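In my numbering, the protein residues as written are 426 to 802.
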């Protein structure tokens, strides 16, 4: 048992079979030997941190593209997780996947090792849009992936959808959402495209070869897609996330509830007590650190009380239910409105509201969430 007892474990697999044009996560294309070395050291880090695993309820393997791992390495990783973690306590185990990686063998491997939630990086069904995003799958791949996953008993499947490219409109995005739902998605993560530094799309944008859609049009699109998903029976529980009843992502709620979590792998982050850690984002240096018995941090930030409260607001207000004011006061010893007097102004502007002791962003203002959250930095 560890004094922090985190309930969530994140595992980072940085490998991809190709690089998407919009992605700024730590990832690389590597050959088999480097992958094997990385996974063996990842397991060593898990062994080093085993004392943090006793209270785990959720596991999330993300990337990169975890399913780009060779079958034998994925098998090795999952087998060792079974050895190190009490899976009787695990409520949710998510693996991110590319649709074209799903095979009967992989689906069976995941299912027999306790994985019960799959997050498919679909992004769109439009061939031109997929090409702009650097995605290699087709609609046929997605249809086949859903069919295989259902065949092997997966009933909790997320579909990532991206919107915000020039030329996007609600009709196109609705078509993406409709197809994802009809194929079997029980959770939708609908993200607005963000042009990140050092990505291919940002380079093209700077060269005048790529544009985002108009902001006012995007705001209307967001309102329309949220209305559509609600009509299809989805619960809007976070700015960009929608789920069937009782299928909200428990792992991500750990982040938004500002709870402790543990991470393993290069560039993985974790939050223990009042300190946020991030592992080094270089797999060779990462492996050297693990081999020496001392994980190399890229950063370890001890948060002052004011910073902890800021993070509580920024993360918690992403949820449509917002932040419980009594819980905030009990946790930090001060009322949220006293800690952040700007809350009164934001309420007057109808950018925040209070109901049943919860402070939240009203639905009509959710698209402006960044303008609200920036006040708590």
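Don't be surprised by glycine CBs; every beta carbon is placed ideally from N, CA and C.
Nothing here was measured: the structure is a model prediction, and the numbers come from that model.
Run of the beta strand (DSSP E) containing residue i, from where it starts to where it stops
i	result
residue 697	694 to 697
residue 795	It is not in any beta strand (DSSP E) - residue 795 instead sits in the alpha helix (DSSP H) that spans 794 to 798.
residue 434	433 to 438
residue 816	Outside the shown range of the chain (426 to 802) lies residue 816, about which nothing can therefore be said.
Presumed contact (8 Å Cβ cut-off) between residue i and residue j, rounded CB distance
i	j	result
residue 469	residue 715	5 Å
residue 751	residue 432	That pair is no contact at about 21 Å.
residue 495	residue 457	6 Å
residue 521	residue 488	6 Å
residue 648	residue 662	The pair is not a contact, with the Cβ atoms about 17 Å apart (cut-off 8 Å).
residue 549	residue 614	13 Å between Cβ atoms; not a contact.
residue 775	residue 790	7 Å
residue 463	residue 802	That belief does not hold up - the Cβ atoms of residue 463 and residue 802 are roughly 34 Å apart, past 8 Å.
residue 429	residue 698	6 Å
residue 546	residue 523	6 Å
residue 515	residue 481	6 Å
residue 435	residue 501	Wrong, their Cβ atoms sit about 19 Å apart, outside the cutoff.
residue 626	residue 588	Not a contact, Cβ separation roughly 14 Å.
residue 490	residue 440	7 Å
residue 700	residue 728	7 Å
Nearest to residue i (by Cα), restricted to the options the options
i	options	result
residue 660	685, 472, 626, 612	612
residue 503	551, 466, 663, 535	535
residue 740	615, 784, 521, 723	784
residue 473	641, 505, 609, 758	505
residue 702	746, 692, 708	692
residue 564	532, 525, 769	525
residue 718	710, 724, 588	710
residue 657	622, 700, 602	602
residue 555	574, 585, 440	585
residue 747	492, 726, 724, 786	786
residue 507	754, 655, 537, 571	537
residue 677	764, 466, 517, 512	517
residue 732	757, 575, 749	757
residue 687	460, 761, 483	483
residue 604	578, 681, 566, 512	566
residue 753	683, 597, 570, 623	683
residue 583	576, 590, 570	570
residue 650	762, 593, 608, 706	593
Local conformation of residue i per DSSP, three classes
i	result
residue 746	coil
residue 786	coil
residue 519	strand
residue 540	coil
residue 769	helix
residue 577	coil
residue 525	helix
residue 595	helix
residue 875	The first residue shown for the chain is 426 and the last is 802, placing residue 875 beyond what the model contains.
residue 513	coil
residue 606	helix
residue 775	coil
residue 442	coil
residue 568	helix
residue 428	coil
residue 810	Because the chain spans 426 through 802 in this model, residue 810 falls outside it and cannot be assessed.
Extent of the continuous alpha helix (DSSP H) to which residue i belongs
i	result
residue 780	Not the alpha helix (DSSP H): residue 780 falls in the beta strand (DSSP E), residues 778 to 780.
residue 759	Per DSSP, residue 759 belongs to no alpha helix (DSSP H) and is neither H nor E.
residue 554	552 to 558
Residue i Cβ short of 7 Å to the ligand SAM heavy atom set
i	result
residue 792	Absence of the ligand SAM is noted for the structure shown, with no ligands found whatsoever.
| task | Identify every run of the beta strand (DSSP E) within the stretch 608 to 663, keeping only runs that are complete inside it and at least 3 residues long; order them along the chain. | result | 612 to 617, 660 to 663
| task | Identify every run of the beta strand (DSSP E) within the stretch 664 to 739, keeping only runs that are complete inside it and at least 3 residues long; order them along the chain. | result | 666 to 668, 687 to 689, 694 to 697, 700 to 704, 722 to 727
| request: Give, in chain order, every unbroken run of the alpha helix (DSSP H) that is at least 4 residues long and sits entirely within the stretch 446 to 509. | output: 457 to 473, 496 to 509
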